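Residue numbers for the sequence shown follow my numbering, so the first one is 1 and each next one is one higher. For every residue, glycine included, the Cβ atom is placed at its ideal position computed from N, Cα and C. Just so you know, these numbers come straight off a predicted model, no measurement behind them.
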Amino acid sequence: TLLASWQASAMGEGKPDQSLRFAHGELSRPRETNAAPGIVWGAPFAAPLGGPGDAQGGVVWSPVTHVDADGRIFLFYTQSTPGCRAPGGDVKLVVCEPDGRTWSSPRIVYGYADGR
Numbered sequence: 001t002l003l004a005s006w007q008a009s010a011m012g013e014g015k016p017d018q019s020l021r022f023a024h025g026e027l028s029r030p031r032e033t034n035a036a037p038g039i040v041w042g043a044p045f046a047a048p049l050g051g052p053g054d055a056q057g058g059v060v061w062s063p064v065t066h067v068d069a070d071g072r073i074f075l076f077y078t079q080s081t082p083g084c085r086a087p088g089g090d091v092k093l094v095v096c097e098p099d100g101r102t103w104s105s106p107r108i109v110y111g112y113a114d115g116r
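Structure representation (structure tokens):
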């Protein structure tokens, strides 16, 4: 299984609708023995961060993922905070369970304003 992550916005980079998106991919086996394998990608989906597009916070940036041995996806990202120069802000973390549907609430790993 492959995982791709990126930031996206219909309005433009740094706009309030900016979100972090994901897609899962699987290597496909070609029917022809000489053909190179390909990747079949699933539909992209937005990570439920409680930030862009609502009153919870600012624009999200720079997704970095890690998948542990149990299949949990750790998504580290930054979220703009008042008083910081974008892109920047708090470094946050959410964890997606192996079922692909259960996400933790965001938590601050390193706070911009208070130096955590």
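Exercise. Which residues share a DSSP beta bridge with E26?
Worked result: The residue given as residue 26 occupies position 26 in the sequence shown. DSSP, once it has assigned bridges, lists V40 as partnering E26.
Exercise. Among the residues of its own chain, which have a CB less than 8 Å from the CB of I39, if the five just before and after it don't count?
Worked result: What you label residue 39 is simply residue 39 of the sequence shown in a count that begins at 1. Excluding positions up to five away in sequence, the list reads L2, G25, E26, L27 and S28.
Problem set entry | Buried or exposed by the 16-neighbour rule on C-beta atoms within 10 Å, applied to P52 | What you label residue 52 is simply residue 52 of the sequence shown in a count that begins at 1. Any answer about P52 is weak, because its pLDDT of 45 lies below 50 and its placement is not dependable; what the coordinates show is given next. Counting Cβ neighbours within 10 Å, P52 comes out buried, since at least 16 surround it.
Exercise. Assuming T78 and G71 make a contact with CB atoms under 8 Å, what is their CB distance in whole Å?
Worked result: For this step, residue 78 is matched to residue 78 along the sequence shown. For this step, residue 71 is matched to residue 71 along the sequence shown. That pair is no contact at about 25 Å.
For this session: Helix, strand or coil for S5, going by three-state DSSP, please let me know.
Result: On the sequence shown, position 5 is the one that residue 5 refers to. S5: strand per DSSP, three-state reduction.
For this session: Would you mind stating whether S9 and L20 have Cβ atoms separated by less than 8 Å?
Result: Locating residue 9 in the sequence shown gives position 9, counting from the first residue. Locating residue 20 in the sequence shown gives position 20, counting from the first residue. When the beta-carbon positions are compared, S9 and L20 stay at least 8 Å from each other.
For this session: Starting from S62, follow the beta strand (DSSP E) in both directions and report where the run begins and ends.
Result: The residue you call residue 62 lines up with position 62 of the sequence shown. Here the beta strand (DSSP E) through S62 covers V60 to V67.
Problem set entry | For Y77: DSSP bridge partner residues | Along the sequence shown, one-based indexing puts residue 77 at 77. Answer is K92, bridged to Y77.
Exercise. Considering only C-alpha positions, which residue in the set V59, L75, V60 and G58 is nearest to H66?
Worked result: On the sequence shown, residue 66 is found 66 positions in, with the first residue counted as 1. Taking the Cα of H66 as reference, the smallest distance to any Cα among V59, L75, V60 and G58 is reached at L75.
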